[in-house]
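Going letter by letter, the sequence shown gives residues -11 to 471 in my numbering.
C-beta atoms are modelled at their ideal positions from N, C-alpha and C, and glycine is treated no differently.
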Amino acid sequence: MKTCDLVIIGGGPAGLAAALGARKQGIKDILIVERDKELGGILNQCIHNGFGLHTFKEELTGPEYAGRYIEQVKDAGIPYVVDSMVLSIQSMSQYKSSLQADQCEYNKEKYSEADQDKYSKKKYTDKIITMVSRTEGIIQIQAKAVIFAMGCRERPRGALNIPGYRPAGIYSAGTAQRLVNMEGYLPGREVVILGSGDIGLIMARRMTLEGAHVKVVAELMPYSGGLKRNIVQCLNDYDIPLKLSHTVVDIHGKERVTGITLAKVDEKGKPIPGTEEEYACDTLLLSCGLIPENELSRELGVKLNPVTSGPVVDESLETNVPGVFACGNVLHVHDLVDFVSEEADRAGTCAARYILQENQSSNPGIDQESQYSDSDIGKTSKMNDNNDPVIPLISTGCVRYTVPSAIHLSKMPDKLKVRFRVGKVVKNCAVDVYCKEENSEKRIKTKKRPVVAPGEMEEILLGREELLKYPDLQQLIITVKEG
């Protein structure tokens, strides 16, 4: 079995930035595992510009942005493998149990008593990663820390429950993007797009530039799921209509899509009879949300946030499983890749500190009992195994979630950036942060915003010195209020 200090699963923008962050802290033994044939992740098919304004202070295309990080990784001598897929991750206790099961049930001569004793003496918090490589076959790696950077996947048609047949011509927006930008195929000529996420908006422009006719972009919600700038640059500039509060209620055609039926929906998302409109088309693109890729996280026992479908993390981006960190779109879906890189760099830094035992020598993760949701308001802070208070961040009102979900004051940096999304459009509002003690609640920070919307991530900075003024701090409450 191979050993490694840090294994990073995913070679996209998050994985690359995390590796560089860890290397800057002195970690030499790093391995990036990527299942595609090259590093770069989703950026390789994002040939439009708009990347790098925050990170490099200039506008780049997706491949250019990825190329700069790939070059830095190669210059730093960080090893990576491509065409390789992680099959499972086990804690040392899970691995020892599987060894015993193999010995008892399958092949009593497979592991000797010496082998069993050797594995029983390994560090309990180490992880055993089983992966398959095109060139080396099945490989097992024992790692001190793991960073999840697997990204996200698109929500498929099956999750949308659209009635009709299953003809050719129905694609997710990301699949169509890969076909057009990387494979050189045009999926269709007459296009309807369902969903106004950023990928759908960008593909509306891309299909138009390639000669297709995008007839309409329909959105189930009363607001767009994409950035305002993408609505302007991708729809308004090309006179592509956007129909809010509309959805596809029928797909026509058996062998190939021949058309779709749109209908207006009420405030509960149900189609309103009599509002149907038919559009003739040969292609339907679906841009109906992204889902963090967390099958490996579930297998390992990582606790997931039901709102984001990503891991619950603390201020170090560490999950409830010690030594396992998460960053990028596997944690929560981001608007800009620059923010992914910033977050991943921090994850790499914190993973390096964990490996070097600069913070705590035992379990520095969030205690299993200290995860909070909206229904937990009224609960108090708890102590982890090191008698370190864990302060939960509570999202209330239209705030749907926060990243991180909890804070250890002893490990918190001087300034901590908390990111969150709202569940509805609110104009002329203020983002408020409250410190809740046993018998009092005080607003410690407010940030005025002209408008907040679900399609754009928000952030607020918290100062460690300010929080230390409240010795009986039990909760941090983040809310958005009008006026």
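What residue range is occupied by the uninterrupted alpha helix (DSSP H) comprising R334? 325 to 344
Mind checking whether G176 and T271 have CB atoms under 8 Å apart? yes
Those runs of the alpha helix (DSSP H) which lie wholly inside the segment 413 to 459 and span at least 4 residues: 452 to 455
Going by beta-carbon coordinates alone, are I(-4) and I135 separated by less than 8 Å? yes
So G14 is in the alpha helix (DSSP H); what residue range does that whole segment cover? First-last for G14: undefined, no H or E at that position.
Are there three or more Cβ pairs, one per stretch, closer than 8 Å when the segment 274 to 285 is compared with the segment 219 to 233? no
Bridge partner(s) assigned by DSSP for E178: H201
Whole angstroms is fine: what's the gap from L250's alpha carbon to T235's? 6 Å
When the Cα of I395 is compared with those of V295, E303, R154, which residue comes out closest? E303
On the three-state DSSP scale, how would you describe D186? helix
Residue environment, M73, which counts as buried when at least 16 other CB atoms sit within 10 Å: exposed
Tell me the rounded alpha-carbon separation between L456 and A340. 26 Å
By the 10 Å Cβ neighbour count, where 16 or more other Cβ atoms means buried, how is Y342 classified, buried or exposed? buried
For K111, count neighbouring C-beta atoms within 10 Å of its own C-beta (all shown protein chains included) and say buried if the count is 16 or more, exposed if not. Summary for K111: the model assigns pLDDT 49, below 50, so the residue's position carries little reliability, and this model does not support an answer.
Within the segment 18 to 97, note down every full beta strand (DSSP E) run reaching 3 residues or more, in order along the chain. Entirely contained in the segment 18 to 97, the beta strand (DSSP E) runs reaching 3 residues are, in chain order, 18 to 21, 72 to 79.
For I117, which of helix, strand or coil comes out of DSSP? strand
If we call anything under 8 Å between Cβ atoms a contact, is Q13 one with T337? yes
Among the candidates R166, V205, I18, E178, whose CA atom is the shortest distance from the CA of S233? V205
Name the two residues that bound the continuous beta strand (DSSP E) containing A137. No beta strand (DSSP E) contains A137, which DSSP labels as neither H nor E.
Span of the beta strand (DSSP E), counted from its first residue to its last, around R407: 403 to 410
Under 6 Å Cβ to Cβ from V439, same chain only, skipping five residues before and after it: list those, please. K415
Could you work out which residue in Q165, I382, E26 is closest to I35 when comparing CA atoms only? Q165
Do I58 and R11 have their C-beta atoms within less than 8 Å of each other? no
I need the boundaries of the alpha helix (DSSP H) containing S285, first residue and last residue. 283 to 288
In the DSSP assignment, find the beta strand (DSSP E) that holds A394 and state where it starts and stops. Residues 394 to 396.
If we count Cβ pairs, one from each stretch, closer than 8 Å, do we get three or more for the segment 260 to 276 versus the segment 176 to 189? yes
Per DSSP, what kind of secondary structure is V220 in: helix, strand or coil? helix
Specify, as a first and last residue, the run of the alpha helix (DSSP H) that Q462 falls within. Counting along the chain, Q462 falls outside any alpha helix (DSSP H), and DSSP gives it neither H nor E.
Could you give the residue range of the alpha helix (DSSP H) that holds R166? 161 to 166
Boundaries (first-last residue) of the beta strand (DSSP E) holding S383: 377 to 383
Helix, strand or coil for A5 per DSSP? helix
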